[in-house]
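Colleague:
2 protein chains.
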Amino acid sequence: MERGSQNRTAAKEGETTSRIPSQSRKHGKAGAQASEVSGKALGRMVEAFMRLPGIGRKSAERLAFAVLGMPWDEAAGIAQAIISLKNNSRYCPICNNITEEEICGICRDEKRDASLICVVEEPSNILILEKTGIFRGRYHAIMGAIAPLDGIGPEDLKIDGLMERLNAGGIKEVIIATNPTVKGETTALYLSKLIKPLGISVSRIAYGLPVGGDIEYADENTVQRALEGRREM
Amino acid sequence: MERGSQNRTAAKEGETTSRIPSQSRKHGKAGAQASEVSGKALGRMVEAFMRLPGIGRKSAERLAFAVLGMPWDEAAGIAQAIISLKNNSRYCPICNNITEEEICGICRDEKRDASLICVVEEPSNILILEKTGIFRGRYHAIMGAIAPLDGIGPEDLKIDGLMERLNAGGIKEVIIATNPTVKGETTALYLSKLIKPLGISVSRIAYGLPVGGDIEYADENTVQRALEGRREM
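So the protein lines, in turn, are chains S and Y.
Residues in the first sequence are numbered from -12 upward in steps of one, following my numbering.
Residues in the second sequence are numbered from -12 upward in steps of one, following my numbering.
Next comes the structure, spelled out in structure tokens:
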């Protein structure tokens, strides 16, 4: 009986649905927005969250409702963290890492190997590399990658600062940890040609299968690189 | 030659790696945190974002760096939206939808069918249902679901307000759109038993295969419900 009533409802909804132009149903463009249904403040919160990378409308709505359900202090804490981050953080003048000090903690750390520099595209990459805990040298973020199609050339990157550090002497090896993409690879090649004449050893982080990944899902380029980079066991 | 040097680096890194206890590498607990590498303000931002649902450490770090890279005004806009949302939004006293007005836009809309109420668990569900554009009745958010294991009984939900609306008369049908979960189903059954004696028609939204889904990936319960709920073509 319960089920019978479900069927009836479904049929009823089906009929209603068929009267709506399929275009608007498919793309949902005609669908209601957060500000119409739940007020302008919620709508503005959704729009604000959507400015963050990887946050689409659906995630932004979920986050907005979460903020709404939080204690006032906790929500204000997020707002305060944003303002504090923007007011207090700056780029390290040596390596472009993010810091609140004059010079970042890694550049100040005397225990780290000053003869080894790892070049990354973005300051955020430094955090990822630090998490491995195996690299004990220093860093240099060049703030992007060479991308001729986007009009980004070497002169738009912080390569000058890197070359100054290398020319100042004392550097034995540079590890290039730009992204495993066409842009990152182009940048790696460019840097390699620039640095090698200084008599400094230049290496590139390895390509291969991601740990924990399934070879079946790897693309053929990655598998090719994994084969080429094979090591004796 | 390029490749040869890559191989050497990989081998070198491999050696370094083998000296690190595998425990710390596997779980990454010994890995550096954002506040150590990129300053306390960034660390606090990461912690703040992690309080949001579905945002783990990695996503929070990505978001924190995105905020850092934003123009000041845009970042401040997010902070302002949080404060404004918390200060200006409240629950509609009739249906518990989120609103900035005395009574929410849906309850105020005279063009909507006042004889039809759709019951949902959370105010956020109202937005999802509104996006379909096919429901023209009104809503009632009961602010949760019955969950005896979590100590949440009917008395902890906003069911009284719903019953008041139903007892006031003029309601012909109640559609129960609680979640398709054990809690949601328990709540639906409870509400159905409460409402039917009032002579009001009660229906439950349909179970079945999600649109665009692949039957191969559906769980057997869903497929069973989809079979039971089949409709003549």
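From the three backbone atoms N, C-alpha and C, an ideal C-beta is built for every residue, glycine too.
All of these numbers come straight from a predicted model, not from anything done at the bench.
1) Which runs of the beta strand (DSSP E) fall wholly inside the region 163 to 204 of chain Y and span at least 3 residues, in chain order?
2) Pick helix, strand or coil for S/I146, following the three-state DSSP scheme.
3) Going along the chain, which unbroken runs of the beta strand (DSSP E) with 3 or more residues stay wholly within the region 77 to 160 of chain S?
4) With distance defined between alpha-carbon atoms, name the residue in S/Q67, S/T173, S/S25, S/G148 nearest to Y/K118.
5) Around the C-beta of S/E108, are 16 or more other C-beta atoms found within 10 angstroms, so that it is buried, or is it exposed?
6) Step through the CB atoms of chain Y and report whether any lies within less than 8 angstroms of the CB of S/N208.
7) Is the region 122 to 136 of chain S touching the region 96 to 113 of chain S, taking contact as three or more C-beta pairs under 8 angstroms?
8) Could you check whether the Cβ of Y/A205 sits closer than 8 angstroms to any Cβ belonging to chain S?
9) Would the beta-carbon of S/I129 fall within 8 angstroms of that of S/K145?
10) Determine, using beta carbons only, whether Y/A68 comes closer than 8 angstroms to chain S.
11) Cβ atoms of Y/I93 and Y/P80: under 8 angstroms apart, would you say?
12) Taking C-alpha atoms, which residue in Y/I133, Y/G199, Y/I85 lies nearest to Y/L114?
13) Let me know if S/M32 comes out buried or exposed under the rule of 16 or more other beta-carbons within 10 Å of its beta-carbon.
14) Can Y/I187 and Y/L214 be called in contact, C-beta distance under 8 angstroms?
15) How would you write the range of the alpha helix (DSSP H) that Y/A51 sits in, first residue to last?
16) Report the option in Y/G64, Y/R38, Y/A63 whose CA atom is closest to the CA atom of S/V54.
17) According to a CB-to-CB cut-off of less than 9 angstroms, which residues of the region 83 to 109 of chain S neighbour chain Y?
18) Spatial neighbours of Y/G140 within its chain, please: CB distance less than 8 angstroms, with the 5 preceding and 5 following residues excluded, ordered by chain position.
19) Verify whether the separation of the beta carbon atoms of S/G157 and S/T165 is less than 8 angstroms.
20) Are the CB atoms of Y/L29 and Y/A21 nearer to each other than 8 angstroms?
21) Could you compute how far the alpha carbon of Y/T173 sits from the alpha carbon of Y/R191?
22) Within this structure, are the beta carbons of Y/V189 and Y/S179 separated by less than 8 angstroms?
23) Can you list, in chain order, the residues of its chain whose CB lies under 7 angstroms from that of Y/E48, leaving out five sequence neighbours each side?
24) Please classify Y/L50: is it buried, with 16 or more other beta-carbons within 10 angstroms of its beta-carbon, or exposed?
25) Tell me whether S/R218 sits in a helix, a strand or coil according to DSSP, three-state version.
26) Does the Cβ of S/P184 have 16 or more other Cβ atoms within 10 Å, making it buried, or fewer, making it exposed?
27) At a Cβ threshold of 8 angstroms, is Y/L183 touching chain S?
28) Along chain S, which residues have their Cβ under 8 angstroms away from the Cβ of Y/R31?
29) Listing by chain order, which chain S residues have their CB less than 9 angstroms from the CB of Y/L221?
30) If you measure from the beta carbon of Y/L114 to each beta carbon in chain S, is any gap under 8 angstroms?
31) Closer than 6 angstroms by C-beta to Y/E160: which residues in its own chain qualify, once you throw out the five before and the five after it? Chain order, please.
32) Nearest to S/M57 by alpha carbon, out of Y/D206, Y/S76, Y/E151?
33) Are there any heavy atoms of the ligand ZN lying less than 7 angstroms away from the beta-carbon of S/I81, as far as the coordinates show?
34) In or out: S/Q155 buried (at least 16 other Cβ within 10 Å) or exposed?
35) Mind checking if S/S9 is an interface residue toward chain Y, Cβ cutoff 8 angstroms exclusive?
Modeller: This is what the structure gives:
1) You should have 188 to 191.
2) Here S/I146 carries a helix assignment [DSSP, helix/strand/coil].
3) Listed in chain order, they are 103 to 107, 125 to 128.
4) If we check each option's Cα against that of Y/K118, S/S25 comes out closest.
5) Looking at its Cβ environment, which holds 16 or more other Cβ atoms inside 10 Å, S/E108 is buried.
6) No, no contact with chain Y.
7) Yes, the region 122 to 136 of chain S is in contact with the region 96 to 113 of chain S.
8) Y/A205 does not count as touching chain S.
9) Yes. Within cutoff.
10) For Y/A68, the nearest beta carbon of chain S is closer than 8 angstroms to its own beta carbon.
11) Their beta carbons are not under 8 angstroms apart, which means Y/P80 does not touch Y/I93 by this criterion.
12) Cα-wise, what sits closest to Y/L114 is Y/I85.
13) Counting of Cβ neighbours within 10 angstroms places S/M32 among the buried residues, the total reaching 16 or more.
14) No. Outside cutoff.
15) 44 to 56 is the span of the alpha helix (DSSP H), which, as asked, contains Y/A51.
16) Nearest of Y/G64, Y/R38, Y/A63 to S/V54, Cα basis: Y/R38.
17) Going along the region 83 to 109 of chain S in chain order, one finds N84, I85, T86, E87, E88, C91, G92, I93, E109 with a Cβ nearer than 9 angstroms to chain Y.
18) In chain order, I133 place their CB closer than 8 angstroms to the CB of Y/G140, counting only its own chain and leaving out the 5 sequence neighbours on each side.
19) Not in contact: S/G157 and S/T165 (Cβ atoms no closer than 8 angstroms).
20) Yes, these two residues count as a Cβ contact at 8 angstroms.
21) If you take the alpha carbons of Y/T173 and Y/R191, they lie about 12 angstroms apart.
22) Judged by their CB atoms, Y/V189 and Y/S179 are nearer to each other than the 8 angstroms cut-off.
23) So the list reads A21, V33, once near-sequence residues are dropped.
24) Buried: at least 16 other Cβ atoms inside 10 Å.
25) The three-state reading of DSSP puts S/R218 in coil, since its state is none of H, G, I, E or B.
26) Residue environment analysis places S/P184 among the exposed positions, since fewer than 16 neighbouring C-beta atoms fall within 10 angstroms of its C-beta.
27) This sequence places Lys at residue 183 of chain Y; Leu is not what is there. The beta carbon of Y/K183 sits no closer than 8 angstroms to any beta carbon of chain S.
28) Those within 8 angstroms of Y/R31 in chain S are A68, S71, L72.
29) Because chain Y here runs from -12 to 220, residue 221 of chain Y falls outside it and cannot be looked at.
30) By the rule that beta-carbons nearer than 8 angstroms mark a contact, Y/L114 touches chain S.
31) Taken in chain order, the residues that qualify are L103, S188.
32) Restricting attention to Y/D206, Y/S76, Y/E151, the CA atom closest to the CA of S/M57 is found in Y/S76.
33) In the structure shown, the ligand ZN is absent, as is every other ligand, since no ligand is present at all.
34) Looking at the sequence provided, one finds Ala at residue 155 of chain S rather than Gln. By the 10 Å Cβ count, S/A155 comes out exposed.
35) Confidence in S/S9 is poor, its pLDDT being 40 and thus under 50, which makes the residue's placement too unreliable to answer from.
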